[in-house]
Amino acid sequence: MSEWWTYTLADFLMFSPRTYWRLFELYNVAIWPAQLVGVAFGLALVALIHGNRAHRDRIIAGLIAACWLWIAWAFHTQRYAQINWAATWFAAAFALQAALLVTLGVLAGRIVLETVNVRARRIASLVIILAVLGYPLLAPLAGRPWSTAEVFGVAPDPTAIATVAVMALVRGRLRWLLLAVPLSWCAIAAATLWVMDAPQAMVVAAATLLALWPAARGGRGGTPAAPR
Amino acid sequence: MLGAAGAYALLRPATAHAQPRTILSRPIPSTGELMPVVGLGTWITFNVGDDPVARAACADVMRSFVAAGGRMIDSSPMYGSSQDVIGHGLRQAALTERIFSADKVWISSGAQGREQIERSRGKWQVRRFDLVQVHNLLNWQEHLPTLLALKAEGRIRYAGLSTSEGRRHGDIEQLMRSQPIDFVQITYNPLDREVEARILPLARERGIAVIVNRPFREGALLRDLARQPLPPWAAELGCTSWAQIVLKFIVAHPAVTCAIPATSRVAHVRENMDAAYGRLPDAALRQRIIAAAERA
Chain X
165 MSEWWTYTLA DFLMFSPRTY WRLFELYNVA IWPAQLVGVA FGLALVALIH
215 GNRAHRDRII AGLIAACWLW IAWAFHTQRY AQINWAATWF AAAFALQAAL
265 LVTLGVLAGR IVLETVNVRA RRIASLVIIL AVLGYPLLAP LAGRPWSTAE
315 VFGVAPDPTA IATVAVMALV RGRLRWLLLA VPLSWCAIAA ATLWVMDAPQ
365 AMVVAAATLL ALWPAARGGR GGTPAAPR
Chain L
11 MLGAAGAYAL LRPATAHAQP RTILSRPIPS TGELMPVVGL GTWITFNVGD
61 DPVARAACAD VMRSFVAAGG RMIDSSPMYG SSQDVIGHGL RQAALTERIF
111 SADKVWISSG AQGREQIERS RGKWQVRRFD LVQVHNLLNW QEHLPTLLAL
161 KAEGRIRYAG LSTSEGRRHG DIEQLMRSQP IDFVQITYNP LDREVEARIL
211 PLARERGIAV IVNRPFREGA LLRDLARQPL PPWAAELGCT SWAQIVLKFI
261 VAHPAVTCAI PATSRVAHVR ENMDAAYGRL PDAALRQRII AAAERA
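The listed protein sequences derive, respectively, from chains X and L. Positions in the first sequence are counted from 1; adding 164 to them yields our numbering. Positions in the second sequence are counted from 1; adding 10 to them yields our numbering.
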């Protein structure tokens with residue numbers, strides 16, 4: 165890109181806010197009732213984080229991986245790519261995140277979540293609940309129809325926020341590898357909403373920072389525990 | 011009021027829809043073909059994906075645009091689904107033969123330029139493009155020879171270059187001096203007037219048609235101007251909105267062939283097209299338009 169310094173964030177927005185929210189409306193209609201599965205997955209994450217069942221961390225990684233893979237295909241490739249040519253790259257990044265979760269978490273069992281720090285788990289749970297139950301409310305709060313709601317598990321923003329909350333609990337440096345794509349997406353999402361003058365941008369930014377707090381507090385040490 | 015600006019504005023009869031007025035047109039210097047001075051851009055506004063409601067609205071916009079005497083529709087492979095939406099609308103409204111199709115080539119690889127243009131043509135569903143421009147001068151070294159070859163083969167009618175928001179004006183100027191292009195596309199409005207110094211005079215000197223993009227700064231200029239009431243002299247120009255005043259400012263420049271405001275609303279396209287009729291501002295009035303824009 166020549167004279168790149170002359171470009172602003174707004175120069176990269178190639179669709180109108182109306183088109184963006186209509187995209188979610190049409191997507192929600194097309195995939196119904198997949199949203200219910202997404203909500204169920206999100207609530208299951210909260211229960212699992214506070215539980216102690218066998219293979220807990222593998223199940224959590226698998227649930228989140230399924231969401232990222234679905235969004236890569238059903239949202240980015242099938243929908244968002246129609247109005248944003250960069251969505252092809254977003255789809256690849258989301259598929260990569262799913263692959264990391266499956267290989268490192270489900271198969272290798274190397275994703276081990278914090279179990280001792282109760283406050284960290286509570287923060288993660290709070291953020292996940294906000295992402296699952298609170299995020300869809302932003303549509304009516306912003307004066308948009310319910311049909312444009314973004315739902316955890318099928319929409320990228322709440323899924324990325326909740327994923328940051330969970331990955332912030334991962335022990336060891338592996339957490340930063342697993343946070344790279346979700347954090348990048350949260351930044352892209354906040355920037356997109358900001359350019360569209362959507363106050364929701366601040367929600368994404370604040371929720372992401374809150375979700376990241378356990379990682380920032382406990383990110384200076386710790387080694388992965390034995391696979392569960 | 012018409013003054014010198016009006017003297018060079020050629021008039022031609024309205025299109026098949028019986029218009030009581032005559033639309034302002036300018037000749038494309040390389041051929042003399044007349045072009046109505048207001049066209050239709052599609053950046054953002056036509057990128058609506060496969061939303062059937064929004065696609066129908068875009069088809070209505072094109073139908074109203076052509077009914078009001080408009081011809082030039084401009085797009086690019088960079089504009090997401092806009093080319094598909096144009097093709098859908100042209101087919102729905104049976105307008106393919108009535109428009110002037112202006113598109114761009116936008117790909118790093120020079121070898122893939124022809125392929126991309128052919129893909130774009132398929133999306134528009136036109137027999138051939140009237141004009142293809144090198145988008146933002148991206149790899150013009152390879153794409154421009156391709157466009158000139160396509161023109162020689164009769165696969166396109168005109169070749170051009172595009173830029174926006176004042177970027178690469180030095181390169182544009184050099185290419186206008188050295189290359190046999192028919193069109194150049196630049197940004198020009200009452201606030202962005204850098205092109206007045208060198209590029210617009212050079213276009214007249216070299217006989218190159220000028221397309222003006224971002225006439226309203228993607229709406230920001232109109233939002234700012236809306237805080238001021240319409241001045242009394244707006245009525246003298248036959249203007250009922252700031253959009254029409256801004257468009258008349260742009261097309262009153264003798265080097266400008268066509269301005270291409272983008273919209274997805276029928277009411278706005280009708281309002282824009284009204285600027286292609288009636289009087290144009292003279293030099294003194296253009297200064298007052300600049301002053302109003304700078305106050306906004």
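Every residue gets a Cβ at the ideal spot worked out from N, C-alpha and C, and that includes glycine.
Discussion item. Can you list, in chain order, the residues of its chain with a C-beta nearer than 7 Å to that of L/Leu3? Leave out the 5 residues immediately preceding and following it.
Written reply: No answer is possible for residue 3 of chain L: it lies beyond the span of chain L, which begins at 11 and ends at 306.
Item to complete: Name, going along the chain, the residues of the stretch 110-136 of chain L whose beta-carbon falls closer than 9 Å to a beta-carbon of chain X.
Response: Taking 9 Å as the Cβ-Cβ cut-off against chain X, none of the residues of the stretch 110-136 of chain L qualify.
Worksheet entry | According to DSSP, residues forming a beta bridge with L/Gly51 | L/Asp84 and L/Ala272
Worksheet item: If you draw a straight line from the C-alpha of L/Pro225 to the C-alpha of L/Ile299, how long is it?
Response: 13 Å
Discussion item. Contact between the stretch 249-264 of chain L and the stretch 290-305 of chain L is defined here as three or more beta-carbon pairs at a separation below 8 Å; is this criterion met?
Written reply: As far as the Cβ criterion goes, the stretch 249-264 of chain L touches the stretch 290-305 of chain L, which means the pair count is three or higher.
Worksheet item: Closer than 7 Å, Cβ to any Cβ of chain X: which residues of the stretch 61-87 of chain L, in chain order?
Response: Within the stretch 61-87 of chain L, the qualifying residues are Asp61 and Ala64.
Worksheet item: When the Cα of X/Leu200 is compared with those of X/Ala329, X/Ala324, X/Arg335 and X/Val318, which residue comes out closest?
Response: X/Val318
Practice prompt. Give me the Cα-Cα distance between L/Ile196 and L/Asn223, rounded to the nearest whole angstrom.
Written response: 6 Å
Fill in: Sequence ranges, alpha helix (DSSP H) only - wholly within the stretch 221-271 of chain L, length at least 4
If only uninterrupted alpha helix (DSSP H) runs of at least 4 residues are considered, those enclosed by the stretch 221-271 of chain L are 230-235, 243-246 and 252-261.
Item to complete: Please confirm whether L/Met82 and L/Ile54 have their CB atoms less than 9 Å apart.
Response: Contact: no.
Fill in: Segment contact, 8 Å Cβ cut-off, at least three pairs: the stretch 274-281 of chain L with the stretch 29-46 of chain L
no
Item to complete: Can you have a look at X/Met379 and say buried or exposed, based on whether 16 or more other CB atoms are within 10 angstroms of its CB?
Response: It should be noted that the sequence gives Ala, not Met, for residue 379 of chain X. Classification of X/Ala379: buried, given that the 10 Å Cβ count is 16 or more.
Discussion item. Does the contact criterion of 3 or more C-beta pairs under 8 Å hold for the stretch 351-366 of chain X versus the stretch 303-321 of chain X?
Written reply: Inter-segment contact for the stretch 351-366 of chain X and the stretch 303-321 of chain X is present: three or more beta-carbon pairs are separated by less than 8 Å.
Item to complete: Assign X/Pro291 to buried or exposed, taking buried as 16 or more other Cβ atoms, counted over all protein chains shown, within 10 Å of its Cβ.
Response: A small correction: the amino acid at residue 291 of chain X is Val; Pro does not occupy that position in the sequence shown. Buried: at least 16 other Cβ atoms inside 10 Å.
Discussion item. Could you check whether the stretch 172-187 of chain X touches the stretch 50-65 of chain L, counting it as contact only if at least three pairs of C-beta atoms, one from each stretch, sit closer than 8 Å?
Written reply: yes
Worksheet entry | Residue-chain proximity (X/Phe188, chain L), Cβ-Cβ < 9 Å | With 9 Å as the cut-off, X/Phe188 does not count as an interface residue toward chain L.
Practice prompt. Would you mind listing the alpha helix (DSSP H) stretches within the stretch 213-237 of chain X that are 4+ residues and don't spill past its ends, in chain order?
Written response: 220-234
Worksheet item: Mind checking L/Glu215: buried by the 16 CB within 10 Å criterion, or exposed?
Response: exposed
Practice prompt. Provide the residue(s) that pair with X/Ser180 in DSSP beta bridges, ordered along the chain.
Written response: In the DSSP output, where bridge partners are listed per residue, X/Ser180 has none listed.
Item to complete: On the DSSP bridge assignment, give the partners of X/Arg286 in chain order.
Response: Paired residue(s): none; X/Arg286 is not in a bridge.
Practice prompt. Could you tell me the distance, in whole angstroms, from the CA atom of X/Asn281 to the CA atom of X/Asp221?
Written response: 16 Å
Worksheet item: What runs of the alpha helix (DSSP H), each 4 residues or longer, lie entirely inside the stretch 342-383 of chain X?
Response: Entirely contained in the stretch 342-383 of chain X, the alpha helix (DSSP H) runs reaching 4 residues are, in chain order, 364-382.
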